[in-house]
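Colleague: Numbering (numbering that gives the first Met the number 0), first residue to last: 0 to 181.
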Amino acid sequence: MATAVARARQTGMSLIEMMVAIAIFTILALMALPMYSTWIASQQVRTATELVLDGLRIAQGEAIKRNQQVRLVIDPAEGWTVELVADDSVLRQAIFREGSPKVELTVTPVGTTTVMFDGLGRVLDKDAAALDERITIDVDSTSGFTGVRKLRVVIDTAAATGVGIRSCDPKLDATDPRGCPA
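This is the structure:
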């Protein structure tokens, strides 16, 4: 009979054991929270960067497919719209706030909100002439967390290289394949 009572006492957890387990779990969760928040902010920057790249590639692809001028209109606060230049019809749209609510876009040259492609996929200026300068779009987090990686979208329109659309990390050296061109 003593063994049955001893066996009954050994099953389950006591209240003190449960409280210790909850305390340990809470401490571990609180230690991981800052790293998790930084990771979430970095993923929002990555998502916004990919969204801009998608818009540029869609606009370029539509221009080539239709053999017509197509433009990508970027609203840094909202999103982008791909439009057919001939009749201003909207081909596609995307909103930054859906996947990246705390992200800020900075376009250089300042005031550039439209990227236009001709039927061959080349970048044009607003007067439909070939553009021979680099356009950059910096994507940064507004979350306030430290350690969040900033990314950049580069539209390299130099005549020697053709049109190169890519994302890069401005903190890395230009010789690194992940770094931005000098």
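Glycine included, every Cβ here is placed at the ideal spot set by N, Cα and C.
Report yes if the C-beta distance between residue 114 and residue 55 is below 8 Å; otherwise report no.
Modeller: yes
Colleague: Would you call the region 141 to 148 in contact with the region 32 to 51, where contact means no fewer than 3 C-beta pairs closer than 8 Å?
Modeller: yes
Colleague: Within 10 angstroms of its Cβ, does residue 164 collect 16 or more other Cβ (buried), or is it exposed?
Modeller: Under this definition residue 164 is a buried residue.
Colleague: Answer with buried or exposed for residue 50, where buried requires no fewer than 16 other C-beta atoms within 10 angstroms of its C-beta.
Modeller: buried
Colleague: Do the CB positions of residue 95 and residue 110 come within less than 8 Å of each other?
Modeller: Contact flag unset, no.
Colleague: Taking Cβ to Cβ, would you say residue 166 is nearer than 8 Å to residue 48?
Modeller: Taking the C-beta atoms as reference points, residue 48 is found nearer than 8 Å to residue 166.
Colleague: Of the residues 123, 121, 150, 18, which one's Cα is nearest the Cα of residue 135?
Modeller: 150
Colleague: Using a threshold of 8 Å, state whether the C-beta atoms of residue 176 and residue 155 are closer than that.
Modeller: Not a contact, by the Cβ cut-off of 8 Å.
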